[in-house]
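Input: a single structure, listed below in structure tokens.
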Amino acid sequence: MTVKIILTEPNKLLRQISQPVDHVGENEQKLMDDMIETMYAANGIGLAAIQIGFPQRIIVMDISKDKKNKSPMYFVNPIILNKATEQSTYEEGCLSVPDQFAEIDRPNKCEVEYLDYNGEKKLLKAEGLLATCIQHEIDHLEGILFIDYLSKLKKS
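Just so we're aligned, residue 1 is where the sequence shown starts under UniProt numbering, counting upward by one.
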């Protein structure tokens, strides 16, 4: 596993829409291994492939607080099928937007379909911080950063 350099705003690649992955094989698994290692090294809880320069629809995350018992999650071609109408507010940050944090409202629950690390199709019903993290990382796949949700007043 290799720790990669995380691209930061205003790198134009971060605004690119990521492409679907045809199948999960050794190359994709190596990329996911590198992504999770990079995320842990940066003390993050989520990372999209585009953030390390790979415009593929892959995200990884680990919202566990226990550094000894890690719980990495891998999502290939994630699609949000449903979102709750009820919102939650979390203070978000981003490894690609260093030292900036803001409270962002997002649906408090979502249902996501994806392929796992081994290419198996999965369905996950997420809520709370996990739902927020999934939505934040999927935004990266569409070229969206959390700061895009801020008003011009909050950005300044």
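For every residue, glycine included, the Cβ atom is placed at its ideal position computed from N, Cα and C.
Subject >> Whole-angstrom C-beta distance between I59 and I137, which should lie under 8 Å >> reply: For the purposes of this step, residue 137 is taken as residue 137 along the sequence shown, with counting starting at 1. For the purposes of this step, residue 59 is taken as residue 59 along the sequence shown, with counting starting at 1. Residue identity differs from the one stated: residue 137 is Glu in this sequence, not Ile. Confirmed, about 4 Å.
**OP:** Would you be able to state if there are at least three C-beta pairs under 8 Å between the segment 118–126 and the segment 34–44?
**Re:** no
Original post:
Can you round the beta-carbon distance between N77 and L115 to whole angstroms, since I take them to be within the 8 Å contact cut?
Top reply: Walking along the sequence shown from the start, residue 77 turns up at place 77. Walking along the sequence shown from the start, residue 115 turns up at place 115. Right, their Cβ atoms sit about 6 Å apart.
Subject >> Cβ shell of E92 (< 8 Å), same chain only, five flanking positions each side left out >> reply: Along the sequence shown, one-based indexing puts residue 92 at 92. F101, A102, E103, I104, T132, H136 and F146, listed in sequence order.
Subject >> Bounding residues of the alpha helix (DSSP H) (the contiguous stretch that carries K125) >> reply: For the purposes of this step, residue 125 is taken as the residue at position 125 of the sequence shown. Looking at the DSSP string, K125 is not in any alpha helix (DSSP H); the run it does join, the beta strand (DSSP E), is K121 to E127.
Subject >> Euclidean distance between Cα positions of I5 and A49 >> reply: For the purposes of this step, residue 5 is taken as residue 5 along the sequence shown, with counting starting at 1. For the purposes of this step, residue 49 is taken as residue 49 along the sequence shown, with counting starting at 1. When rounded, the distance between both Cα atoms is 11 Å.
**OP:** Return the residue from the list H23, M61, T89 and I52 that minimises the CA-CA distance to Y74.
**Re:** Residue numbering aside, residue 74 sits at position 74 when the sequence shown is read from its first letter. Considering only alpha carbons, the answer is M61.
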